[in-house]
Each structure stands twice: as C-alpha cells, then as structure tokens.
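Engineer:
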Amino acid sequence: MGGFLSGLWKKEEPQKKPIKGIAPRLKNILTNNFRGIIGCLVPIAVLSWQFERYVPSKKVSIMWMWIIWFFLLQPVSVPVSGLIPVFFLPMSGCMSSAQTCECYMNENVVLFLLASMLLLVLNNSGMDRRIALSFLCSGDACQFSAKRLIFKASTAAFFLSMFSSRLIATATITQYVTPVLMSLKSSAKKGGADPDFDEMRYILNNAIQTASGIGSVAVVHSSYATLVFRGIFHEAPPRKKEFPDIFNYLQYSAFAFPVAFVMFVCNFTYHMMLANSVLGKPMTAGSMAEVRKQLLKYQAELPRKTTLHEKLSVLSTILYLFVFFFRWNQWIDGWSEFRTDPYSSNIPRIKDATTAAIFVIVLHTMPKSYGFLKYLDAEKKSELPPLKAESAILWWRFVDKNTNWGYFLVFGCAHAILNSARDTGLGEIISENFGTSFTGQPWNTSIFLVVFLTSLLCNMMTAAAACAVFLPFVMCMAPGAQLPWPNKVYIGALGVGVASSFGFCFPFMYTPAYFCHHTGKVPIKKMVKYSFIAVWICLIILWLALILWAPYLFDPEDDGIHWTIAQGAGKITIAEPTEPEA
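In the working numbering, each residue's number is its place in the sequence shown (first place is 1) plus 3.
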C-alpha cells in the first residue's frame with residue numbers, strides 16, 4: 004500500500020521509444036552489448052576453428068588466449084574468468100582436476116589472502132585517516148596552493164599505500180580533497196583571479212592515484228600484482244624444484260623502495276609542472292584559506308587524542324613488518340634459520356604465509372582497548388565498563404567487507420597456465436618461436452620490451468590480470484633462450500611484477516585509478532592525458548633499475564639464479580643431539 008501511495012507522486016520516467024530498422028538495432032546491440040556478444044563469440048569461433056584433439060600444447064595456447072580475451076573485454080567479471088582452467092584443462096585432457104585445483108591453493112595463494120587482511124590493520128583503526136589529514140592540514144594558509152596540495156596529497160598517498168590498503172588510502176584522500184575543490188569551483192566568479200578548479204581537481208586526484216600505485220610496489224604484499232608475480236616466479240621450476248627465496252621481504256624492498264621513491268619524486272615534480280602549465284593562475288589567498296578551513300573541519304571530526312586502538316594498530320604494523328623482513332634473507336641470519344631445509348640451505352622451510360597466519364590470528368584475538376582490565380581495578384560497581392565484548396584490533400567484519408577474496412582465482416589461473424604450459428611442452432614452443440622476439444634482442448633491449456609490454460597490458464586490463472597472463476610467457480621463454488636469459492630470468496619476472504602496477508590511465512576496478520575516476524570525478528580522457536607521461540617516467544626508471552641495480556642486489560657474483568631441490572623433496576632427517584666435548 005505504501006509503495007502504491009509513494010508511486011502516485013513519483014516522477015514518471017520517459018518512455019523508451021522502440022528501435023526500428025535492422026541497422027539501428029545492430030548499432031544498439033554493438034553499443035550496449037558488445038562485451039557480452041564479441042567477448043563470447045570470438046572464443047567460441049576460435050575453439051571451433053583452432054582446436055586440435057591430440058595436440059595438448061595447442062589446447063593450452065587456445066585457453067591462454069581465451070583468458071586474455073576475457074580479461075580484455077570482461078564479458079564476465081575478472082575473478083570468474085580465472086575459473087576457465089578449472090574446467091578447460093581437465094575436460095581437454097591436459098591436466099587432471101586435482102592437479103588443476105592444486106594451483107588455486109598453495110603457499111603463495113594463502114599469503115595473498117592473509118597479507119590482504121594484514122594491510123587493513125591501519126584502516127580498521129582509522130589511523131590512515133589521521134595520517135592523511137596530518138599531511139593535508141600541515142602548514143599555514145600559504146601551504147595550500149595547488150603545488151603544495153599536490154605534494155602533500157601525493158606524499159600521504161605514497162606513504163599510506165606502502166603500509167595499508169592502497170585502495171582505501173586513495174579513496175580516503177580523494178574524498179577529502181574533491182568536495183573542497185568542487186565547492187571552490189561553485190563559489191568562484193567567472194573571469195576572476197582564481198584558476199580553473201576543475202583542472203586543478205583533475206591534476207590533484209591524478210597525482211594521488213599515481214603516487215598510490217607507485218608506493219604500493221615498495222612492499223611485497225601492498226599490491227596484488229606484486230604478490231601474483233612472486234607466486235608465479237616460485238611456481239616456475241619443475242616439480243620438486245624451487246628457486247632460492249631471493250624475493251623475500253627484505254631483499255625485495257631493498258630493491259623496490261629506492262626505485263619507488265625515485266619514481267615518486269619524479270611523479271609529483273611532473274604534476275607540479277603540469278599544474279603550472281595548465282592552471283596558469285596561482286590560487287588567491289582567500290581560496291587557500293578556504294581550502295585550509297574545510298580540511299581542518301575534517302580533522303576536527305576525528306578524536307582529539309590518538310586512541311589506544313590506533314596506537315596498537317601502528318605497533319602491530321611495525322611488529323609484523325619487522326618479523327616479515329627478518330624471517331629469512333641472504334645477507335643476515337633470520338629468525339627462521341632453525342627450520343632451513345637440510346637439502347637446500349638457501350630455501351627456508353618457514354614461509355611468509357606462516358608468518359602472516361600468526362599475525363592474522365593474534366590480531367583477531369587481541370582486544371583493541373583492554374577495557375576488560377577495569378574489571379580487575381574497579382572498586383565500585385559504577386566503575387565497571389559496559390557488559391559488552393570488545394572487538395579485536397583487526398575486526399573480522401571489516402576484513403570480510405574490504406578484502407578482495409575473488410582475486411585468488413586470478414592467482415590460481417596464472418599458476419594453472421604456467422603448469423599446463425610446462426607439462427604439455429608449450430613452454431618449449433614459446434622459447435623456440437614466439438619468445439625469440441624478446442630473447443633474440445640485446446639484453447637491455449629485451450628487458451625494455453618486457454617492461455614496456457607489461458605497462459601497456461596493465462593499462463588495457465586490471466593489474467593482477469596483466470601479470471597473470473604475461474609473466475607465465477616470460478617464465479616459459481627464458482629456459483631455452485640464449486644467455487643471459489636462463490641465468491637472469493628473475494630480472495624479467497621482477498620487471499613484470501613491478502610494472503604491472505603502472506596502470507594509471509584507465510579506471511579498472513580494484514586499482515587506485517578507479518577511485519580517481521569515480522570518486523574524484525576525473526574524466527577518462529583527462530586521466531589518459533595526464534597519466535601518459537607518468538607511466539613513461541615510471542617505465543624508464545624501472546628499466547634502468549633492472550639493468551643497473553637488480554643484478555648487483557640479487558646476484559652480486561653474477562652466477563645466475565637457478566632452481567634447487569624443493570623442500571620436502573628428499574627424506575628429512577633430524578639430527579641426534581651430541582654430547583659436548585670435554
């Protein structure tokens with residue numbers, strides 16, 4: 004009844020006119036349904052035309068192209084596309100169902116899921132908002148010009164994306180600055196002394212999302228693409244073989260953090276120069292004072308004093324990063340040395356997934372404020388706290404809502420592609436044919452081509468998907484290639500993993516660019532225009548770092564990185580205790 008009464012005053016929607024004629028109908032179908040129609044018809048046609056029953060390598064190559072096509076057009080969601088190998092490989096006879104499903108749950112996939120939870124510790128307590136506003140609100144009114152805002156917002160995004168969820172950090176900072184600039188636009192007079200606040204908003208939000216994407220490559224688990232790259236690299240050797248753990252947290256960040264910092268400095272410098280050239284006019288004193296006033300209002304909404312929950316979240320983040328960084332590395336003895344594989348001294352038996360599981364359990368157990376201690380100290384009944392259970396430092400409902408669970412299917416899809424290509428001989432075919440387009444070039448040129456193509460792919464599909472479809476190709480083309488590719492495949496893999504985070508131009512879901520477009524109201528054309536140079540800046544810096552810095556850091560003796568016997572491949576014996584000598 005209420006719905007009927009409310010419908011009486013509801014504004015009527017304009018009636019849709021029927022589309023008449025064959026040509027207008029075809030145009031309507033292609034305009035509104037091209038993803039579903041073209042996305043599905045092309046794979047069906049290819050399967051019918053190219054499928055060969057007794058050639059397993061051909062089947063895997065068709066599946067690989069099918070997955071790439073689905074990631075590009077997205078007729079279905081990206082995680083659903085990651086399920087293609089689960090039915091295709093067993094039904095085509097390339098791998099069994101058990102072997103295929105094993106690709107979707109292993110140590111690296113578990114780390115992917117658990118590390119995504121740990122990234123939410125600062126976001127769960129609200130400490131990320133306090134840190135972001137402390138950057139944005141710093142300084143007097145003179146510190147709120149366009150260039151200073153670009154610097155402060157970029158710094159906040161770069162810092163928070165390393166230690167918390169880069170998506171939440173980007174959305175939070177964008178939500179603070181966008182309404183401020185939009186309100187200035189509405190109150191500004193035409194032909195006045197103020198710059199174009201719409202263009203200023205476009206540049207500022209673009210600087211935020213690029214800084215967030217750059218910062219997320221500094222730590223292993225801060226970006227989905229980095230975790231996917233690390234997992235694929237460790238899955239590349241044959242069964243019962245394993246690469247040394249060179250991409251542990253400490254060694255990876257020793258490479259990635261300096262590179263990311265140089266990218267960050269060049270990126271915000273570029274956006275400052277962009278603001279100078281595009282805006283033309285500086286902000287007036289009144290506009291800067293208004294920006295400061297509105298940002299301080301956001302800061303006033305936070306609790307004046309830092310809560311115990313926020314302090315515990317910072318302490319927990321520092322602690323789990325310390326344990327991750329000093330678990331194991333090739334430079335100093337880590338705390339996991341007591342469980343090193345007896346057959347391979349450079350492969351620890353305690354992996355990062357174990358470390359992540361410890362902290363996820365502890366942080367879901369420890370209360371956030373320790374109010375229960377008042378039960379021990381209270382002398383009167385009135386001093387007792389409310390009879391209500393306290394939530395933990397890491398609250399499960401918040402974790403469940405903000406963790407992108409579905410992307411573990413993309414992770415497993417990449418493993419399935421790599422394993423099936425290796426088992427069916429497709430890897431050798433790639434190495435002898437298609438791979439020579441890269442490996443046949445001089446070393447520096449081939450690495451540049453790898454980084455360039457990765458940067459191109461991650462601006463055509465989401466970052467994790469780009470890494471999932473291209474890195475298996477790089478790992479397949481290296482073993483049979485000319486030197487130095489077999490010895491330095493880790494450099495190509497590292498280039499794909501880091502460059503996959505350079506998708507600044509288009510707003511794919513679960514990337515910082517998504518919030519730049521949807522929350523920051525930045526048109527896609529402006530994103531492409533302002534991010535094109537930023538992508539090239541990051542690409543060139545990464546290429547130089549891979550050529551000059553990575554070999555020195557990961558392989559100083561220039562012996563190459565080769566796989567060894569995997570943990571558990573041999574019989575494990577426990578040494579008997581011996582009596583000390585007199």
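Even glycine gets a Cβ: it sits at the ideal position worked out from N, Cα and C.
Decide if Met94 is buried, meaning its Cβ has at least 16 other Cβ atoms within 10 Å, or exposed.
Structural biologist: Its Cβ having fewer than 16 others within 10 Å, Met94 is exposed.
Engineer: Could you compute how far the alpha carbon of Met98 sits from the alpha carbon of Ala502?
Structural biologist: Each residue's Cα considered, the two are about 31 angstroms apart.
Engineer: Taking all protein chains shown into account, do 16 or more other C-beta atoms lie within 10 angstroms of the C-beta of Gly573, making it buried, or fewer, making it exposed?
Structural biologist: Any answer about Gly573 is weak, because its pLDDT of 45 lies below 50 and its placement is not dependable; what the coordinates show is given next. With fewer than 16 other Cβ atoms within 10 Å, it is exposed.
Engineer: Does Thr325 pass the burial test, meaning 16 or more other C-beta atoms within 10 Å, or should it be called exposed?
Structural biologist: This sequence places Phe at residue 325; Thr is not what is there. Phe325 is exposed by the Cβ-count criterion.
Engineer: My output table needs one value for Pro554: the three-state DSSP class, helix, strand or coil.
Structural biologist: Looking at Pro554 - three-state DSSP - the assignment turns out to be helix.
Engineer: Which residues in the same chain have their Cβ closer than 6 angstroms to the Cβ of Gln302, if we skip the five residues on either side of it in sequence?
Structural biologist: Around Gln302: Leu136 and Cys140.
Engineer: Identify every run of the beta strand (DSSP E) within the stretch 80-115, keeping only runs that are complete inside it and at least 3 residues long; order them along the chain.
Structural biologist: Segments of the beta strand (DSSP E) lying fully in the stretch 80-115: there are none.
Engineer: If contacts are defined as beta-carbon pairs under 8 angstroms, then Ser458 and Ser219 qualify, I think. What distance do you get, rounded to the angstrom?
Structural biologist: Actually they do not touch by this definition, with Cβ atoms about 15 angstroms apart.
Engineer: Over the uninterrupted alpha helix (DSSP H) stretch that includes Ile460, give me the two end residues.
Structural biologist: Residue 460 is actually Leu in this sequence, not Ile. First-last of the alpha helix (DSSP H) with Leu460: Trp446 to Leu460.
Engineer: Do you know how far the Cα of Leu123 is from the Cα of Glu393?
Structural biologist: When rounded, the distance between both Cα atoms is 18 angstroms.
Engineer: Quick one: residues in its chain with C-beta nearer than 7 angstroms to the C-beta of Ile450, no 5 flanking neighbours on either side, listed in chain order?
Structural biologist: The answer, listed in chain order, is Ile494, Gly495, Gly498, Trp546, Leu549 and Ile550.
Engineer: Express the C-alpha separation of Val402 and Val3 in angstroms, rounding to a whole number.
Structural biologist: Residue numbering for the chain in the displayed model covers 4 to 585; residue 3 lies beyond these limits and cannot be assessed.
Engineer: Between Gln178, Ser167 and Asp143, which has its C-alpha nearest Ala156's C-alpha?
Structural biologist: Per the Cα distances, Gln178.
Engineer: Along the alpha helix (DSSP H) that carries Asp131, what are the first and last residues, could you check?
Structural biologist: That run of the alpha helix (DSSP H) goes Met130 to Leu139.
Engineer: For Thr368, collect the residues of the same chain with a Cβ closer than 8 angstroms to its Cβ; drop the 5 residues on either side in sequence, then sort them by chain order.
Structural biologist: So the qualifying residues of the chain are Ala395.
Engineer: Please report how far the alpha carbon of Leu556 lies from the alpha carbon of Asp248, in whole angstroms.
Structural biologist: Using only the alpha carbons, I get a separation of about 13 angstroms.
Engineer: Determine the direct distance from the alpha carbon of Ile22 to that of Lys30, and round the result to whole angstroms.
Structural biologist: Lys30 and Ile22: Cα-Cα distance of roughly 10 angstroms.
Engineer: Could you have a look at Ala263 and say whether DSSP puts it in helix, strand or coil?
Structural biologist: Helix at Ala263.
Engineer: Roughly how many angstroms lie between the CA atoms of Gln333 and Gln254, to the nearest whole one?
Structural biologist: Their Cα atoms are separated by approximately 8 angstroms.
Engineer: Straight-line CA distance for Asn36 to Thr465?
Structural biologist: Taking the straight line from one Cα to the other gives about 21 angstroms.
Engineer: What three-state label does DSSP hand Ala484 in the structure shown?
Structural biologist: Coil at Ala484, not helix or strand.
Engineer: Identify, in the order they occur along the chain, each residue of the same chain with its Cβ nearer than 8 angstroms to the Cβ of Arg38, setting aside the five sequence neighbours on each side.
Structural biologist: Correct list, in chain order: Leu76, Gln77 and Pro78.
Engineer: I'd like to know if the stretch 116-132 and the stretch 298-315 are in contact, where contact means that at least 3 CB-CB pairs between them fall below 8 angstroms.
Structural biologist: Yes, the stretch 116-132 touches the stretch 298-315.
Engineer: Are three or more beta carbon pairs between the stretch 511-528 and the stretch 233-247 nearer than 8 angstroms?
Structural biologist: No, they do not touch.
Engineer: Helix, strand or coil for Pro370 per DSSP?
Structural biologist: Three-state result, Pro370: strand.
Engineer: With 16 other CB atoms within 10 Å as the buried threshold, where does Phe3 fall?
Structural biologist: This structure cannot settle anything about residue 3, because the visible part of the chain is limited to 4 through 585.
Engineer: Please confirm whether Ser434 and Gly506 have their CB atoms less than 8 angstroms apart.
Structural biologist: Their beta carbons are not under 8 angstroms apart, which means Ser434 does not touch Gly506 by this criterion.
Engineer: In angstroms, rounded to a whole number, what distance separates the CA positions of Val492 and Ala118?
Structural biologist: Computed Cα separation, rounded: 26 angstroms.
Engineer: Return yes when the Cβ of Ile206 is within less than 8 angstroms of the Cβ of Val281, no when it is not.
Structural biologist: Closer than 8 angstroms, so yes.
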